[in-house]
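Have a look at the structure below before the remarks.
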Amino acid sequence: MKRNSIQIIDEGFFLLNENQNFRFDRERSKKILENIQFPIMVLDTEFFNHSHDNGENDKKLYDDNNKDLVYVIQYSFAKSLKEISNRDNKKAIKSITIKRNFNDNAYNFFDQYSKMIISFLNMCRNKEIRTIVCAGASNDVKIINKWINDNKRLFARKTLKMAFYNKESKELNANYFDIYDILENTFSFSNTNKLGEEFWKRENLPAGKQSDEMIALTGTKKFFDWFEDINQNIFKDEKDDIYTMCCSAYSFFSRSTNKKMDYEEYKTMNKNIKRVIDHCYNDVLKVLEFLSFVYEFTNVPYAKNTYIKKY
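Counting in the numbering used here, the sequence shown runs from 439 upward without gaps.
Here you go:
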């Protein structure tokens, strides 16, 4: 987001423009952020399951043991929130993806899937990652927990520092941090857009924790849409619905190697995978930019906060 763009009204109360203002609880944010152990991996995945299968595909990839199958991982490492705030986050995101070449007879989804899981877990172990950071972490963490427990042998000599033993489930669990905890509990926003019109149907959003007259936002998309006036359009273009794209991806990856496709069809389906990768990239970038914003408003004096207007 654009720096040098927000005015201070009072302690914890800020003006974006003549129609929009927000409140931020710095002390509550500090307490929540203490739950993050560094280094971290900011993560987003795209996966498919039975809900993406239209019943017309050649092969069923999912089963009771693998209900959710990841085919795109976007991730970014960081040793501190300060590092995230000071760097160009667009260049700090990497990916692991399942690939399929044109009419490749050697293509095997599960061979690649197994290698992807091992590569991911080895990377987390070798980088000594202590916390997975997500936006809406439940699905991603559920999948990663399964990967960890299915591959305990990888950690026989060198432990996976982001994993802990859950006494209730008697399994290893990944230590994670969900940024929605900060978004929904430390920010309150005026229910207005930059034109002074209603931003969202008030009854469809919770009241802000800092003011009953304000709203809390329940996702990073809403957060960046609310800040449209200073949003620098750093995200990749997205036109298609992610559910539809995942349905197409499932058809592409589940297609039998015995069933040939013409090159134009292949290009169309492969282009869809690239759009999914862009969507996943955007989700990671949103988390990084959000953390950068939160870091400055939590840890940096207003006089040095780069988002605050200087006169």
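Idealized CB from N, CA, C, for every residue including glycine.
Since this is a predicted model, take the numbers as computed values, not measurements.
Residue range of the beta strand (DSSP E) that includes residue i
| i | result |
| --- | --- |
| LYS532 | 532–535 |
| ASN629 | Premise fails: ASN629 is in no beta strand (DSSP E) and is neither H nor E. |
| PHE451 | 451–455 |
| ASP680 | For clarity, residue 680 is Ile in the given sequence; the question names Asp instead. Careful: ILE680 lies outside any beta strand (DSSP E), inside the alpha helix (DSSP H) at 680–692. |
| GLN445 | 445–448 |
Residue j beta carbon less than 8 Å from that of residue i
| i | j | result |
| --- | --- | --- |
| ASP491 | LYS498 | yes |
| SER467 | THR624 | yes |
| SER443 | ILE668 | yes |
| TYR513 | LYS532 | yes |
| ASP678 | ARG713 | yes |
| PRO477 | LYS517 | yes |
| TYR500 | THR535 | no |
| GLY646 | ASP616 | no |
| PHE731 | SER628 | no |
| ARG441 | TYR745 | yes |
| THR630 | GLN445 | no |
| LEU621 | PHE661 | yes |
| ALA594 | SER626 | no |
Beta-bridge partners of residue i, as assigned by DSSP
| i | result |
| --- | --- |
| VAL510 | GLU484 and THR535 |
| GLN648 | Bridge partners of GLN648: none, in fact. |
| LEU610 | TYR603 |
| CYS572 | ASP616 |
| ASP496 | Bridge partners of ASP496: none, in fact. |
Close-in-space but distant-in-sequence residues of the same chain around residue i (CB under 6 Å, 5 per side omitted)
| i | result |
| --- | --- |
| LYS698 | ASN541 |
| PHE691 | PHE547 |
| SER686 | ASN710 |
| ARG640 | ASN629 |
| TYR545 | ARG538 and THR695 |
Cutoff 7 Å; reference residue i; Cβ partners in own chain excluding five residues on either side
| i | result |
| --- | --- |
| ALA612 | ILE570, VAL579, ILE582, ASN583, ILE586, MET600 and ALA601 |
| ARG464 | GLY450, PHE735 and THR736 |
| ASP496 | SER692, ARG693, SER694 and LYS697 |
| LYS596 | ARG563 |
| ASN720 | PHE673, LYS674 and GLU676 |
| GLY634 | ASN457 |
| SER689 | ASN495 |
Residue i: first and last residue of the uninterrupted alpha helix (DSSP H) it sits in
| i | result |
| --- | --- |
| ILE672 | Per DSSP, ILE672 belongs to no alpha helix (DSSP H) and is neither H nor E. |
| LEU559 | 547–564 |
| LEU723 | 701–737 |
| ASP663 | 658–664 |
| ILE522 | 519–524 |
| ARG461 | Careful: ARG461 lies outside any alpha helix (DSSP H), inside the beta strand (DSSP E) at 458–462. |
Sequence-distant residues of its chain with Cβ nearer than 8 Å to residue i (five each side left out)
| i | result |
| --- | --- |
| CYS572 | VAL480, LEU481, ASP482, ASP578, VAL579, TYR614, PHE615, ASP616, ILE617 and VAL725 |
| TYR740 | ILE446 and ILE746 |
| THR658 | ALA573, ILE617, LEU621, ASP721, LYS724, VAL725 and PHE728 |
Taking one C-beta from the region 555–564 and one from the region 457–477 each time, how about it: are there three or more such pairs within less than 8 Å?
Segments in contact, no.
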